[in-house]
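A.B. asks: Dumping the structure here so I can ask a few things about it.
2 protein chains.
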Amino acid sequence: MTMTQAKTLTPPRIPCDLCPLRRREAFRDFSGEELQFVANFKFGEHLAEPGTTIIAEGQRHPQLYTVLAGWGFRYKILEDGRRQILNYLLPGDLAGLQGNLMSEMLHSVEALTRMSLCVFERQRLTALFRQHPSLAYDLTWIASREESMLDEHLLSIGRRTALERAAYLLAFLDHRAHVTGVFGEEGPFVLPLTQQHVADTLGLSLVHTNKTLRKLLDAGVLRWLDRGSEVLDPARLREIAGWQPTKEGRRPFI
Amino acid sequence: MTMTQAKTLTPPRIPCDLCPLRRREAFRDFSGEELQFVANFKFGEHLAEPGTTIIAEGQRHPQLYTVLAGWGFRYKILEDGRRQILNYLLPGDLAGLQGNLMSEMLHSVEALTRMSLCVFERQRLTALFRQHPSLAYDLTWIASREESMLDEHLLSIGRRTALERAAYLLAFLDHRAHVTGVFGEEGPFVLPLTQQHVADTLGLSLVHTNKTLRKLLDAGVLRWLDRGSEVLDPARLREIAGWQPTKEGRRPFI
DNA sequence: TGCGGGCAATGATCTACGGCATTGCTCACG
DNA sequence: CGTGAGCAATGCCGTAGATCATTGCCCGCA
């Protein structure tokens, strides 16, 4: 068994009342009662190394995850190997809700950086719905938020040019990364994607992605590092993309 | 005021216990108690003529809809008018849940054929969550199902060729139409899309869509009518698309 | 010390798809 | 009865983006 396949499921180490997400401005805090329930709901923690598969398409997967730290992504593949990245997972995001609530997973999830995840049991979802309507509501809210992101991605892939798409993706990720606080306080503010990830998200070939990114680099709105990029001029990037982030207030998480 | 802009909101005419969806095989029935709540939850009915806008992007929209009959679609547009159709609405589908639960709509909804919709008030959603966990669960289930459809669309637009995409779309719609029973008992089994709709769904130009469809017509898997098409060979179509519908049991609706 | 694998850069060619323009049909409407 | 709008079909040409191939760099590992 190689290092990257190692599965780590430890009992809760960070108690929920010290959950790092609670302190962040972007997130809504729990009421005392909710906190108590969630703490009990929490089943363990999972540490995922970069490149590790967290959820595999086609398998039954009895757990749900909330991202505590790090970057991941969801994807699907065609039989011949063509891969489409559907969305990225950042702190506060829920993984495993997508697709029929209880049956086989319809997509895979992989860690982009080292991630830590909060693990819940799917089974206990019904208890959550029965006992905590406010949390159930949050869950629906989260699902509907994911949907609206997918809507935007669909618009982007379907109707934007390669340059606009690339700008959109990076603007989108950079914005989300700042809001959720994955970067940490002081940076560096690096989006940890390879060009292959970008290509698989945009529905472009690797070569063409490289050439498209080059235009953004030459325009000085972006810097490419090894295995990642840094947005230098978010405003310009959004302008190229024809996209603006929608202001949101504090959002819920589970 | 022209005919196509007319808005019709009538009080409930079909009582919920006679709801046509309840009789269909694809849908789960309510318990007596649930039925009573939903009947009370129901605010009215809405009749939409073809081409009519039901929900407009950017507006606050205090209602939710469940499709009772007919076809509709959700879409977004870029500032310069490029349009992307995100998904289609068929009987049993919920419209208006996507996007942040309570704020401005992030997409538009338009009727493709004459539609009848069941109208609910968003505000009363909290009561639903408080009083009927099972229905709340269904709501989340529905949202997560919509997500998985979007995932598939994203895969399709991002990674399939024009021919595969077209085959996928038609196979997908044909399958869903049969399952939900929009076609009625005896047909005709016509997907009521223009080639412009197909193009805007697939992220292709109108001309190229026409040429791509032509290949499917020539192969005999499809028949094109005025303002619509009929799938002649579903199996072949799925094969071309590299897609199979996933078996589902009875699904909930609200 | 050399070797292979992951990542990025870039040139050369090919093709899938977009954009433009025209035609023809049907149907609604004055 | 004529006119115009919506929909589909199709030919021509240009281009965005795919595919193939090569190079270079860095790093982990034998």
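Heads up: the sequence lines are chains A and B, in that order.
Letter by letter, the first sequence follows residues 1 to 254 of the working numbering.
Letter by letter, the second sequence follows residues 1001 to 1254 of the working numbering.
In this text, a Cβ means the ideal position worked out from N, Cα and C, and glycines have one as well.
Kindly list, in the order they appear in chain A, the residues whose Cβ is closer than 7 angstroms to that of residue 1153 of chain B.
C.D. replies: The residue given as residue 1153 of chain B occupies position 153 in the second sequence. Under the 7 angstroms cutoff, chain A gives 154.
A.B. asks: Taking C-beta pairs closer than 7 angstroms, name the residues in chain B that residue 107 of chain A reaches, listed in chain order.
C.D. replies: Walking along the first sequence from the start, residue 107 of chain A turns up at place 107. Those within 7 angstroms of residue 107 of chain A in chain B are 1151.
A.B. asks: Across the stretch 1081-1091 of chain B and the stretch 1210-1218 of chain B, are there enough close Cβ pairs to call them in contact, namely three or more that are closer than 8 angstroms?
C.D. replies: At 8 angstroms Cβ cutoff, the stretches do not touch.
A.B. asks: Between A:22, A:129, A:16, A:126, which has its C-alpha nearest residue 251 of chain A's C-alpha?
C.D. replies: In the first sequence, residue 251 of chain A corresponds to position 251, counting from 1. Among A:22, A:129, A:16, A:126, the Cα nearest to that of residue 251 of chain A is on A:22.
A.B. asks: For the pair the stretch 48-60 of chain A and the stretch 108-117 of chain A, tell me if three or more CB-CB distances fall below 8 angstroms.
C.D. replies: Short answer: they touch.
A.B. asks: Determine the chain B residues that contact residue 242 of chain A at a beta-carbon separation under 7 angstroms, and present them in chain order.
C.D. replies: Sequence index remark: in the first sequence, residue 242 of chain A carries index 242 (1-based). Ordered by position in chain B, the residues that pass the 7 angstroms Cβ test against residue 242 of chain A are 1078, 1079.
A.B. asks: For residue 1129 of chain B, go through chain A and note every residue whose CB falls closer than 7 angstroms to its CB, in chain order.
C.D. replies: Numbered from 1 along the second sequence, position 129 holds the residue referred to as residue 1129 of chain B. Going along chain A in sequence order, the residues near residue 1129 of chain B (Cβ under 7 angstroms) are 133, 136, 137.
A.B. asks: Drop a sphere of 10 angstroms on the beta-carbon of residue 1218 of chain B, count the other beta-carbons inside from all chains shown, and report buried for 16 or more, exposed for fewer.
C.D. replies: Locating residue 1218 of chain B in the second sequence gives position 218, where the first residue counts as 1. It counts as exposed.
A.B. asks: Answer with yes or no whether the minimum CB distance from residue 339 of chain A to chain B is below 9 angstroms.
C.D. replies: This structure cannot settle anything about residue 339 of chain A, because the visible part of chain A is limited to 1 through 254.
A.B. asks: Under 9 angstroms between C-beta atoms, does residue 1201 of chain B make it to chain A?
C.D. replies: Locating residue 1201 of chain B in the second sequence gives position 201, counting from the first residue. Output row for residue 1201 of chain B: interface = yes.
A.B. asks: Measuring only between beta-carbons, confirm whether residue 25 of chain A sits less than 9 angstroms from chain B.
C.D. replies: Within the first sequence, numbered from 1, the residue matching residue 25 of chain A stands at position 25. Chain B contact via Cβ: absent.
A.B. asks: Give me the chain A residues within the contact set of residue 986 of chain B, using Cβ-Cβ distance strictly less than 7 angstroms, ordered along the chain.
C.D. replies: Here chain B comprises residues numbered 1001 to 1254, so residue 986 of chain B is not present and cannot be evaluated.
A.B. asks: Considering only the alpha carbon of each residue, which of B:1155, B:1026, B:1064 lies closest to residue 81 of chain A?
C.D. replies: Translated into positions along the first sequence, residue 81 of chain A becomes position 81. For the residues B:1155, B:1026, B:1064, the minimum Cα distance to residue 81 of chain A belongs to B:1155.
A.B. asks: Under the rule that 16 or more other beta-carbon atoms within 10 Å means buried, what is residue 1093 of chain B, buried or exposed?
C.D. replies: Indexing the second sequence from 1 puts residue 1093 of chain B at position 93. So residue 1093 of chain B counts as buried.
A.B. asks: Consider the Cβ of residue 1031 of chain B: report whether some Cβ of chain A lies at a distance smaller than 9 angstroms.
C.D. replies: To locate residue 1031 of chain B, count along the second sequence from 1; it is residue 31. So, not an interface residue.
A.B. asks: Spatial neighbours of residue 216 of chain A within its chain, please: C-beta separation below 8 angstroms, excluding the five flanking residues on both sides.
C.D. replies: Numbered from 1 along the first sequence, position 216 holds the residue referred to as residue 216 of chain A. So the list reads 163, 166, 167, 170, 222, 237, 240, once near-sequence residues are dropped.
A.B. asks: Does the beta carbon of residue 49 of chain A come closer than 9 angstroms to any beta carbon on chain B?
C.D. replies: In the first sequence, the residue the question calls residue 49 of chain A occupies position 49. Not one chain B Cβ lies under 9 angstroms of residue 49 of chain A.
A.B. asks: Going by beta carbon distance, what residues of the same chain come within less than 6 angstroms of residue 5 of chain A, once the five residues before and after it are set aside?
C.D. replies: Along the first sequence, read from residue 1 onward, the residue named residue 5 of chain A stands at position 5. Confidence at residue 5 of chain A is low in this model, with a pLDDT of 39, below 50, so the placement of that residue is unreliable and no value is reported for it.
A.B. asks: Taking C-beta to C-beta, are residue 134 of chain A and residue 230 of chain A nearer than 9 angstroms?
C.D. replies: The residue labelled residue 134 of chain A in the question sits at position 134 within the first sequence. The residue labelled residue 230 of chain A in the question sits at position 230 within the first sequence. Not closer than 9 angstroms, so no.
A.B. asks: For residue 47 of chain A, which option in A:161, A:148, A:71 has the closest C-alpha, if you only look at C-alpha atoms?
C.D. replies: Mapped onto the first sequence, residue 47 of chain A falls at position 47. When each option's Cα is compared against that of residue 47 of chain A, the closest is A:71.
A.B. asks: Roughly how many angstroms lie between the CA atoms of residue 1074 of chain B and residue 125 of chain A, to the nearest whole one?
C.D. replies: Against the second sequence, residue 1074 of chain B aligns to sequence position 74. Against the first sequence, residue 125 of chain A aligns to sequence position 125. Taking the straight line from one Cα to the other gives about 30 angstroms.
A.B. asks: Look at the alpha carbon of residue 25 of chain A and the alpha carbon of residue 232 of chain A, and state the distance between them as a whole number of angstroms.
C.D. replies: The count along the first sequence starts at 1 and reaches residue 25 of chain A at position 25. The count along the first sequence starts at 1 and reaches residue 232 of chain A at position 232. So the alpha carbons of these two residues sit roughly 24 angstroms apart.
A.B. asks: Check each candidate in A:15, A:13, A:20, A:225 and name the one with the smallest Cα separation from residue 184 of chain A.
C.D. replies: Residue mapping note: residue 184 of chain A aligns to position 184 of the first sequence, counting from 1. Cα-wise, what sits closest to residue 184 of chain A is A:20.
A.B. asks: Taking all protein chains shown into account, do 16 or more other C-beta atoms lie within 10 angstroms of the C-beta of residue 98 of chain A, making it buried, or fewer, making it exposed?
C.D. replies: As a working note, residue 98 of chain A is residue 98 in the first sequence. With 16 or more Cβ atoms within 10 Å of its Cβ, residue 98 of chain A is classed as buried.
A.B. asks: In the structure shown, what three-state DSSP assignment does residue 34 of chain A receive?
C.D. replies: By 1-based counting over the first sequence, the position of residue 34 of chain A is 34. Three-state result, residue 34 of chain A: helix.
A.B. asks: Which value, in whole angstroms, describes the spacing of the CA atoms of residue 103 of chain A and residue 158 of chain A?
C.D. replies: Stepping through the first sequence from its first residue, residue 103 of chain A is reached at position 103. Stepping through the first sequence from its first residue, residue 158 of chain A is reached at position 158. The alpha-carbon atoms of residue 103 of chain A and residue 158 of chain A are separated by roughly 29 angstroms.
A.B. asks: Less than 9 angstroms between CB atoms is the rule here; does residue 1239 of chain B satisfy it with respect to chain A?
C.D. replies: Residue 1239 of chain B sits at position 239 when you count from the first residue of the second sequence. Closer than 9 angstroms: no.
A.B. asks: Run through DSSP, which three-state label would residue 1072 of chain B get?
C.D. replies: Residue 1072 of chain B sits at position 72 when you count from the first residue of the second sequence. Residue 1072 of chain B falls in the strand class under three-state DSSP.
A.B. asks: Would you say residue 1333 of chain B faces chain A, with C-beta separation under 9 angstroms as the test?
C.D. replies: Shown here, chain B extends from 1001 to 1254; a query on residue 1333 of chain B therefore has no answer.
A.B. asks: Distance, Cα to Cα, residue 956 of chain B vs residue 243 of chain A?
C.D. replies: The first residue shown for chain B is 1001 and the last is 1254, placing residue 956 of chain B beyond what the model contains.
A.B. asks: Select from the stretch 1171-1184 of chain B all residues with a C-beta closer than 7 angstroms to any C-beta belonging to chain A, and list them in chain order.
C.D. replies: Result list empty, no residue passes.
A.B. asks: What are the start and end residues of the beta strand (DSSP E) that includes residue 1053 of chain B?
C.D. replies: Position 53 of the second sequence, counting from 1, holds the residue named residue 1053 of chain B. Its beta strand (DSSP E) spans residues 1053-1055.
A.B. asks: Use the C-beta contact count for residue 225 of chain A: other C-beta atoms within 10 angstroms, 16 or more gives buried, fewer gives exposed.
C.D. replies: On the first sequence, residue 225 of chain A is found 225 positions in, with the first residue counted as 1. Exposed.
A.B. asks: So, is the C-beta of residue 90 of chain A closer than 9 angstroms to a C-beta in chain B?
C.D. replies: Numbered from its first residue, the first sequence carries residue 90 of chain A at position 90. Not closer than 9 angstroms to any Cβ of chain B, the Cβ of residue 90 of chain A fails to qualify, so no.
A.B. asks: Using the beta-carbon of each residue, which ones in chain A are nearer than 7 angstroms to residue 1066 of chain B?
C.D. replies: The residue you call residue 1066 of chain B lines up with position 66 of the second sequence. Correct list: empty, because the minimum Cβ distance to chain A is about 15 angstroms.
A.B. asks: How about residue 129 of chain A and residue 42 of chain A: do their beta carbons lie closer than 9 angstroms?
C.D. replies: Along the first sequence, one-based indexing puts residue 129 of chain A at 129. Along the first sequence, one-based indexing puts residue 42 of chain A at 42. No.
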